[in-house]
Each structure stands twice: as C-alpha cells, then as structure tokens.
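Beneath this line is the structure, given in structure tokens, with notes to follow.
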C-alpha cells in the first residue's frame, strides 16, 4: 500500500514535531538553568488525589486505574478510597518528617468529599493543582469544544471554591489533551500544565503556558502497579535517576550542564500501603540530604525557571 500523494505535504510537519504549540529545541542547546542555593537537581513530588466513580465511562476513554470488573466493583473502588482515607496521611507524615513540600493534583470531587484532607494539605504548605472533575473527566479531541470548556471551568471553579486557593497548575487525566486544551488552560489564567513528558526542564508554549514535564516512566503507578516492581525497587530507580541527573548537571560531552529536574509522581493507594510507605520515607530522607537536591512544588520550580527566561 503506497502513501497518499499529500503525505509529505502535511502542513504541521516541522523539525522535531508535527505541531506549532512551541518552538522546538534540544535541551542542550538552551541556556543552562540554575536552581536556588546552587542546587543542581530540582526534585518535584506530585501526588495524585483521585476520585473514581464506581461506574466508569469509556468515552472518550476509561482512565488508567479505573474500575475493571462488573459493577459494582467494590474491590477496586474501596482500594482507591483507602488511598484518600488512609494512605495519603502516611505520605503527608513522610513529607513532614523529611521537611519537603509537594504538589497535589486533585480531582474536584476529592476536594468536596474529603474536605479535611484538603485542609491538611494546605496547612502543611503543599500546593494544589487541578486534576479534572473526577476520573471520568477525560479529554481528547473527540470531546466537543463546549463540553471540554465546561469540564475545565467546572473543575477549576469547584476546586478553588473548596480550597480557597487560586490554582496555577493543571494535570489532565492520563495527561491527555485535545488540540484546544492548552489554549483553554491559558484563557483561565493558569501558569502551567504537566501533560507533555518530552523534556526534563520546563518550556513555554507560544500562548504563554508553561509545560512542566511529569515523566510517566517514573511514577509508582507505572513501576509498581503496572510493571510489578517492589516499592524498594521503585525507590532505587528514583535514586539512580537522581544520580544520573546530578552527574549530567555537571556537564558531559553532549551537554552544557546546568540544572536538571526529577519529577516523582506518586499515588496514595499505591505507595501509601503499609508495606510500601517505608520505601518512600527512606527515599525522601536520602534525597533531602543530598547536597544537589532542591525539593520543591511545581509552582516554585516554574517560578524560578521563568525568572531566567
């Protein structure tokens, strides 16, 4: 089967990508970034606080981690509820012990159903970013524009009403966007999104929105739940990643050196289990003691990066 005659004339085809959201560049071609106090690796802890309706919707797609057996799927439903009722408080304790701050990507339904949890997250100085309405609130270009606009506006309005905070960041479910999402987020005055995973430093879209890459390969859901590694194996992978980035920040034959970023995406019903939480505690104790590490919420990382652009 031959390609159509107009295949090579695709209007969005360009160096590095097939879109015009931002100007493409290799990371080693950009000016080096410097993190506060001479630190070389910004560690970003991002916690997903999710509410999974007991009846999943398959349009436009079923969210990762959703119910899987015939309804009512109490087995999976209550495990996820356990994360928000039990596991997340172990994580908050671990953060407090290590003296670190995180970003919490929150479904609007979580903020309304677990009000005490949101109060504790904010009281401990952590950041809240928007994570749709609930885990049925998925986005693709198959969603009508009016419906997408309504979903994003509803999520932001409910989260801000429940938390009393003007939000700066957005994480889509499964990091899935439509062709319109970035513009809609910018129209709402958000500073950054976490959906594009093709870099290890922030970069700016042409509409002014910043992308703060949240690497899927480094998440506990991918490594522990999907790939079935142990929590200790996951933690060692995070250490290995940190060590590599710290060495790269000093410069190599193919890089200029400069600041790097290690995003760590974690989930209460996974890493908050009693047989796993110790691995997170040990990892935080280790990283917080590293001379190269600056552990900060997403908004702080974006703010420091923007000052240097």
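In the working numbering, the protein residues as written are 3 to 311.
The C-beta atom is built at its ideal place from N, Cα and C for all residues, glycine as well.
Annotation: the continuous alpha helix (DSSP H) that includes residue 305 extends over 300-309.
Here residue 87 is not near residue 279, since their CB atoms are 9 Å or more apart. For residue 176 and residue 29, the gap between their C-alpha atoms comes out near 25 Å. Counting along the chain, residue 270 sits inside the alpha helix (DSSP H) bounded by residues 270-273. When only Cα atoms are considered, residue 100 and residue 214 end up about 24 Å apart. Shortest Cα-Cα distance from residue 108 to any of 257, 172, 298 involves 172.
In the same chain as residue 185, and ignoring 5 residues on each side of it, the C-beta atoms closer than 7 Å to its own belong to 209, in chain order. Less than 9 Å separates the beta-carbon of residue 174 from that of residue 134. Contact between the stretch 25-45 and the stretch 242-261 is present: 3 or more CB-CB pairs across the two stretches fall below 8 Å. Taking a cut-off of 8 Å for Cβ pairs, the stretch 248-255 and the stretch 51-62 do not touch, as fewer than three such pairs fall below it.
Of the residues 138, 42, 8, 35, the one whose Cα lies closest to the Cα of residue 292 is 42. Contact between the stretch 69-77 and the stretch 121-135 is not established, with fewer than three Cβ pairs separated by less than 8 Å. Between residue 281 and residue 234, the CB-CB gap stays under 9 Å. Residue 213 is bridged by DSSP to 195, 205.
Taking C-alpha positions only, residue 46 is separated from residue 79 by approximately 28 Å. Looking only at 311, 148, 263, 169, the smallest Cα-Cα distance to residue 289 is reached by 263. By the neighbour-count definition (other C-beta atoms within 10 Å, threshold 16), residue 183 is a buried residue. In its chain, beyond the 5 residues on either side, 231, 236 have a beta carbon closer than 6 Å to the beta carbon of residue 225. Each residue's CA atom was taken as its position, placing residue 303 and residue 6 some 45 Å apart.
For the 9 Å CB-CB criterion, residue 211 and residue 195 form a contact. Between the stretch 110-126 and the stretch 159-172, the count of Cβ pairs shorter than 8 Å is three or higher; the stretches touch.
Leaving aside the five residues that flank residue 54 on each side, the residues in its chain whose CB is nearer than 6 Å to its CB run, in chain order, 68, 82, 137. Residue 147 carries a helical assignment under DSSP once its states are collapsed to helix, strand and coil. DSSP, reduced to helix, strand and coil, places residue 142 outside both helices and strands of the structure shown, so it counts as coil. Going by C-alpha positions, residue 271 is about 15 Å away from residue 95. Cβ neighbours of residue 97 within its own chain (closer than 8 Å, five residues either side excluded): 47, 103, 104, 126, 128, 286.
Residues of the same chain with a CB within less than 6 Å of the CB of residue 157, apart from the 5 flanking positions on each side, are 110, 132, 134, 135 in chain order. Remark: C-beta atoms of residue 273 and residue 89 approach each other more closely than 9 Å. Of the candidates 37, 207, 206, 191, 37 places its Cα closest to the Cα of residue 297. When the five nearest sequence neighbours on each side are left out, the beta carbons in the same chain lying within less than 7 Å of the beta carbon of residue 24 are those of 205, 206, 207, 208, in order along the chain.
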